[in-house]
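Number of protein chains: 2
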Amino acid sequence: MKFTKIPLATINRLSVYLRVLEDLLEDNTDVISSERLARHCGVNPAQIRKDLAYFGEFGVRGVGYRVVDLISQIKEILGLNRTWNLAMVGVGNLGSALIRHGNFIKHGYVFAAAFDIDPEKVGKKLPNGLIINHVDELEEVVKERNIHIGVIATPASAAQSVANQLILAGINGILNFAPVQIQVPDCCHVENIDFTIKLDSIAYHLSTNF
Amino acid sequence: MKFTKIPLATINRLSVYLRVLEDLLEDNTDVISSERLARHCGVNPAQIRKDLAYFGEFGVRGVGYRVVDLISQIKEILGLNRTWNLAMVGVGNLGSALIRHGNFIKHGYVFAAAFDIDPEKVGKKLPNGLIINHVDELEEVVKERNIHIGVIATPASAAQSVANQLILAGINGILNFAPVQIQVPDCCHVENIDFTIKLDSIAYHLSTNF
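What follows is the structure, encoded as structure tokens:
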């Protein structure tokens with residue numbers, strides 16, 4: 001399936017809808033109106049209808065969405081009806097906490113390789129059974145284990161060089177936790193997670209409202 | 001200073017501009033054109049000019065922005081010409097990795113309290129010197145230590161109840177790492193960081209482009 005010109009904000013909201021729908025399914029909800037789904041997701045119902053309209057017709061007018069169907073349709077849209085193999089680069093405090101975090105595997109993201117440059121870490125076994133490889137082995141391991149997405153949790157100073165190595169190894173998707181803007185060719189999609197940028201937004205709201 | 005109706009996306013981009021400008025200052029750059037600043041930030045120059053126009057006149061036509069001045073102006077806009085005290089709730093792998101992460105203090109965010117419910121953790125000293133308090137002491141400690149922002153790194157099942165406690169203690173800003181939508185009154189500003197939502201966006205791009 002190919003879709004073009006879908007706003008990134010829509011894609012991000014689809015993920016939120018998916019998670020809310022999965023929670024509803026666990027609570028044995030079969031059908032949900034766009035109004036109720038919207039309330040759970042913190043958006044307005046028109047937004048949900050508009051976001052889904054990019055991809056076709058969903059739901060039954062006057063009834064709502066069948067939860068199990070909408071889950072499967074959103075998964076197909078996002079490419080989540082499969083697992084994705086991740087490589088962690090940088091197994092410090094944050095990197096190892098992320099590898100242990102149960103939320104990745106729950107959503108089909110599997111840490112299948114981990115890299116560091118610290119000789120104290122290379123060769124050590126992580127709680128999930130992975131042995132930490134040296135970054136020099138990156139290209140070989142990425143190909144052997146069919147890694148799809150690189151996760152960077154190195155210090156800022158190392159992030160660009162790690163990104164370059166991931167791209168040379170054929171990786172086209174990077175999740176970057178290092179607090180620096182990395183430059184990549186157009187074929188590669190980068191998402192940044194900088195915790196302090198979210199805090200700046202909170203600080204702004206606290207400063208202006210109180 | 002009061003500003004209204006500024007899009008959240010603008011606020012987030014101001015944070016990115018600020019970080020890039022701070023790196024430029026470290027590299028001894030005095031003045032930068034909006035074109036060059038835009039390239040470093042991964043946006044177009046018109047976007048930067050539009051974002052800054054919400055807050056007044058910046059830069060000198062044909063010359064550019066004085067880096068040190070623009071840093072100080074963006075900090076004033078965002079409310080970052082001060083420090084903000086954070087409380088971490090949930091000192092698991094992720095929570096303790098975040099407390100140790102140098103990037104918070106670099107940007108003026110100080111972990112001044114940490115809470116858990118695990119009797120094995122309560123009373124223990126963290127590497128930054130903080131003693132972990134029981135969540136039952138939250139209201140008292142939040143007031144004593146003048147905490148401004150709560151950071152939730154508990155399991156999803158505990159996040160809403162922790163958010164309620166933070167709000168009762170007078171907290172109006174929450175950074176939520178638990179993979180669940182928390183409901184808060186309008187006076188409170190929540191930012192969510194769900195790593196897998198960013199991965200979904202990467203998965204979508206990989207699925208549609210390749």
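Protein sequence lines, in the order shown, are assigned to chains A and B.
Residue numbers for the first sequence follow UniProt numbering, beginning at 1 and rising by one.
Residue numbers for the second sequence follow UniProt numbering, beginning at 1 and rising by one.
Where is the CB? At the ideal position from N, CA and C, for every residue including glycine.
Residue i: contacting residues in chain A (beta-carbon distance under 7 angstroms)
{"i": "G42 (chain B)", "result": "Q181"}
{"i": "R100 (chain B)", "result": "N93"}
{"i": "L8 (chain B)", "result": "S201"}
Where residue i meets chain B, residues with beta-carbon distance less than 9 angstroms
{"i": "V16 (chain A)", "result": "Q181, N192, D194 and I197"}
{"i": "residue 259 (chain A)", "result": "What is shown of chain A runs 1 to 210, which leaves residue 259 (chain A) out entirely."}
{"i": "N12 (chain A)", "result": "I197, K198, D200 and S201"}
{"i": "G79 (chain A)", "result": "D200, A203, Y204, H205, L206, S207 and T208"}
Supposed contact pair residue j and residue i - C-beta distance, whole angstroms, cut 8 angstroms
{"i": "V60 (chain A)", "j": "I32 (chain A)", "result": "Not really, about 11 angstroms apart at Cβ, beyond 8 angstroms."}
{"i": "G132 (chain B)", "j": "I152 (chain B)", "result": "Checking the sequence, you will find Ile at residue 132 (chain B) rather than Gly. The Cβ separation is near 15 angstroms, so there is no contact."}
{"i": "Y109 (chain A)", "j": "I74 (chain A)", "result": "Actually they do not touch by this definition, with Cβ atoms about 16 angstroms apart."}
{"i": "H40 (chain A)", "j": "V20 (chain A)", "result": "5 angstroms"}
{"i": "I147 (chain A)", "j": "N85 (chain A)", "result": "5 angstroms"}
{"i": "L25 (chain A)", "j": "I71 (chain A)", "result": "7 angstroms"}
{"i": "A159 (chain B)", "j": "V180 (chain B)", "result": "5 angstroms"}
{"i": "H189 (chain A)", "j": "H205 (chain B)", "result": "4 angstroms"}
Chain-ordered chain A contacts of residue i [CB-CB under 8 angstroms]
{"i": "V20 (chain B)", "result": "Q181"}
Burial state of residue i, where buried means 16 or more other Cβ atoms lie within 10 Å
{"i": "I171 (chain A)", "result": "buried"}
{"i": "K2 (chain A)", "result": "Any reading at K2 (chain A) must be qualified, since the residue scores a pLDDT of 48, below 50, and its modelled position is unreliable; the value itself is stated next. When all chains shown are included, K2 (chain A) counts as exposed."}
{"i": "L8 (chain A)", "result": "exposed"}
{"i": "S207 (chain A)", "result": "buried"}
{"i": "D186 (chain B)", "result": "exposed"}
{"i": "N81 (chain B)", "result": "exposed"}
{"i": "residue 217 (chain A)", "result": "Residue 217 (chain A) is absent from the structure shown; chain A starts at 1 and stops at 210."}
{"i": "K121 (chain A)", "result": "buried"}
{"i": "G123 (chain A)", "result": "exposed"}
{"i": "G129 (chain B)", "result": "exposed"}
{"i": "N176 (chain B)", "result": "buried"}
{"i": "T83 (chain B)", "result": "exposed"}
{"i": "S34 (chain A)", "result": "buried"}
{"i": "H101 (chain B)", "result": "buried"}
Through-space distance from residue j to residue i, alpha-carbon basis
{"i": "H134 (chain A)", "j": "D69 (chain B)", "result": "43 angstroms"}
{"i": "I11 (chain A)", "j": "L166 (chain A)", "result": "24 angstroms"}
{"i": "V142 (chain B)", "j": "L168 (chain B)", "result": "10 angstroms"}
{"i": "G79 (chain A)", "j": "I6 (chain A)", "result": "14 angstroms"}
{"i": "A112 (chain A)", "j": "R145 (chain A)", "result": "7 angstroms"}
{"i": "L126 (chain B)", "j": "T154 (chain B)", "result": "17 angstroms"}
{"i": "A163 (chain B)", "j": "N93 (chain B)", "result": "20 angstroms"}
{"i": "A178 (chain A)", "j": "E191 (chain A)", "result": "11 angstroms"}
{"i": "G56 (chain A)", "j": "I77 (chain A)", "result": "11 angstroms"}
{"i": "N44 (chain A)", "j": "Y65 (chain A)", "result": "15 angstroms"}
{"i": "R36 (chain B)", "j": "E137 (chain B)", "result": "50 angstroms"}
{"i": "S201 (chain A)", "j": "S96 (chain A)", "result": "27 angstroms"}
{"i": "Y54 (chain A)", "j": "S161 (chain B)", "result": "36 angstroms"}
{"i": "D116 (chain B)", "j": "D30 (chain B)", "result": "46 angstroms"}
{"i": "A46 (chain B)", "j": "S15 (chain B)", "result": "17 angstroms"}
{"i": "I105 (chain B)", "j": "N28 (chain A)", "result": "44 angstroms"}
{"i": "L199 (chain A)", "j": "H107 (chain B)", "result": "9 angstroms"}
{"i": "E139 (chain B)", "j": "I149 (chain B)", "result": "13 angstroms"}
{"i": "A203 (chain B)", "j": "A38 (chain B)", "result": "27 angstroms"}
{"i": "P119 (chain A)", "j": "S157 (chain A)", "result": "19 angstroms"}
{"i": "E22 (chain B)", "j": "D23 (chain A)", "result": "42 angstroms"}
{"i": "I182 (chain B)", "j": "G42 (chain A)", "result": "9 angstroms"}
{"i": "R13 (chain A)", "j": "F58 (chain B)", "result": "34 angstroms"}
{"i": "N209 (chain B)", "j": "T196 (chain A)", "result": "31 angstroms"}
{"i": "A114 (chain B)", "j": "A114 (chain A)", "result": "29 angstroms"}
Proximal chain B residues relative to residue i, where beta-carbon distance stays under 8 angstroms
{"i": "I167 (chain A)", "result": "Chain B residues near I167 (chain A): none, gap ~13 angstroms exceeds 8 angstroms."}
{"i": "G173 (chain A)", "result": "I202, A203, H205 and L206"}
Cross-chain neighbours of residue i in chain B, by beta carbon under 7 angstroms
{"i": "Y109 (chain A)", "result": "T196 and L199"}
{"i": "I48 (chain A)", "result": "Correct list: empty, because the minimum Cβ distance to chain B is about 14 angstroms."}
Chain A residues whose Cβ lies nearer than 9 angstroms to that of residue i
{"i": "F104 (chain B)", "result": "F195, T196 and L199"}
{"i": "I149 (chain B)", "result": "L199, I202, A203 and L206"}
{"i": "A97 (chain B)", "result": "G92, N93, L94, G95, S96, A97 and L98"}
{"i": "H134 (chain B)", "result": "Here the premise fails: no neighbours, minimum Cβ distance about 22 angstroms."}
### Query
Can you find at least 3 beta carbon pairs, one from the stretch 85-94 of chain B and one from the stretch 49-56 of chain B, that sit closer than 8 angstroms?
No, the stretch 85-94 of chain B does not touch the stretch 49-56 of chain B.
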